[in-house]
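Report on the following structure.
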Amino acid sequence: MNKNRDKRIEIAVWIVTSFLLIVFIPKNKIREAQVSFLFKQLLTWIFGLIVVERNLITYPTRTFFSKSNKSSFTFEYFVYPSLCALFNTHYPYHKNLGFKFLYFFLHSAGITITEAVLEKYTSLIKYNKWHWHWTFITIWLTYYTSHLYNKWFYRRN
1 MNKNRDKRIE IAVWIVTSFL LIVFIPKNKI REAQVSFLFK QLLTWIFGLI VVERNLITYP
61 TRTFFSKSNK SSFTFEYFVY PSLCALFNTH YPYHKNLGFK FLYFFLHSAG ITITEAVLEK
121 YTSLIKYNKW HWHWTFITIW LTYYTSHLYN KWFYRRN
């Protein structure tokens, strides 16, 4: 695999994710986005370290903090929490249950598909004893947990 290409991809992911946060987080929901971001960071820190330490996933090419721990700083501590902040700030509270289910499904599936493509074509992530469906399940569960926390924190019904 081409490490320079992988590093360019990782830097591009930072730029695109930052752009998404700046453009799609409304000013009146910045605090809500911060709460979602930090809570998701807590969850991904725990799950990410467990998965990496059990050698289920490895991150062969890491641009940032490659010597601090074995997980990916970019994906575990910035991208997933950022996407979760976007997820929660745009959550369709006033839609029907089917639409809410679809919202969860599309967000989880989008991340899972992107990760599977990166796993297949780059050295940014490698599945050792892991499968895409575990990614989908953990993303769904952490999004749901984050959503419940967000509802509780802001006292929403």
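In terms of the UniProt record's numbering, the sequence shown is residues 1 to 157.
The beta-carbon is built from N, C-alpha and C at its ideal position, and this holds for glycine as well.
- Host alpha helix (DSSP H) of L124 (start-end): Against the sequence shown, residue 124 aligns to sequence position 124. In this chain, L124 is not harboured by any alpha helix (DSSP H), its DSSP state being neither H nor E.
- Query: In this structure, does DSSP put T63 in helix, strand or coil?
  - Reply: In the sequence shown, the residue the question calls residue 63 occupies position 63. Coil, per DSSP.
- Rounded distance between the beta-carbons of T138 and F47, thought under 8 Å: Numbered from its first residue, the sequence shown carries residue 47 at position 47. Numbered from its first residue, the sequence shown carries residue 138 at position 138. In this structure F47 touches T138 by the C-beta definition: roughly 6 Å separates them, less than 8 Å.
- What's the C-alpha gap between K120 and R62? Position 120 of the sequence shown holds residue 120. Position 62 of the sequence shown holds residue 62. Rounded to the nearest angstrom, the two C-alpha atoms are 16 Å apart.
- Message: Taking the alpha helix (DSSP H) that K29 belongs to, which residues open and close that run?
- Response: Here residue 29 refers to the residue found at position 29 when the sequence shown is read from its first residue. Looking at the DSSP string, K29 is not in any alpha helix (DSSP H), and its letter there is neither H nor E.
- Task: Might you give, ordered along the chain, the residues of its own chain that have their beta carbon closer than 7 Å to the beta carbon of I9, omitting 5 neighbours on each side?
- Result: As a working mapping, residue 9 is identified with position 9 in the sequence shown. Within the same chain, and ignoring the five residues on either side of I9 in sequence, the residues whose Cβ sits closer than 7 Å to its Cβ are T122 and L124.
- Task: Can you grab the Cα-Cα spacing for the pair V35 / E115, in whole Å?
- Result: The count along the sequence shown starts at 1 and reaches residue 35 at position 35. The count along the sequence shown starts at 1 and reaches residue 115 at position 115. When rounded, the distance between both Cα atoms is 25 Å.
- Item | 8 Å contact criterion, which F99 and Y144 should meet: CB distance rounded | What you label residue 99 is simply residue 99 of the sequence shown in a count that begins at 1. What you label residue 144 is simply residue 144 of the sequence shown in a count that begins at 1. Going by Cβ atoms, the distance from F99 to Y144 rounds to 16 Å, so no, they are not a contact pair.
- Item | Touching by the beta-carbon criterion (3+ pairs, under 8 Å), the stretch 50-69 and the stretch 15-27 | Touching, no.
- Less than 8 Å separating the beta-carbons of A33 and T89? Within the sequence shown, residue 33 is the residue found at index 33, counting from 1. Within the sequence shown, residue 89 is the residue found at index 89, counting from 1. Cβ atoms of A33 and T89: closer than 8 Å.
- If you count every other CB in all the chains shown that lies within 10 Å of the CB of E53, and 16 or more means buried, which is it? As a first step, residue 53 is located in the sequence shown; it is residue number 53 there, counting from the start. Classification for E53: exposed.
- Task: Would you mind working out which of N28, F64, C84 and N4 sits nearest T17, comparing C-alpha positions?
- Result: What you label residue 17 is simply residue 17 of the sequence shown in a count that begins at 1. Distance check between T17 and each of N28, F64, C84 and N4 places C84 closest, using alpha-carbon atoms only.
- Query: Is it right to say L86 is buried, meaning 16 or more other beta carbons lie within 10 angstroms of its own, or is it exposed?
  - Reply: Counting from 1 along the sequence shown, the entry for residue 86 is found at position 86. Classification of L86: buried, given that the 10 Å Cβ count is 16 or more.
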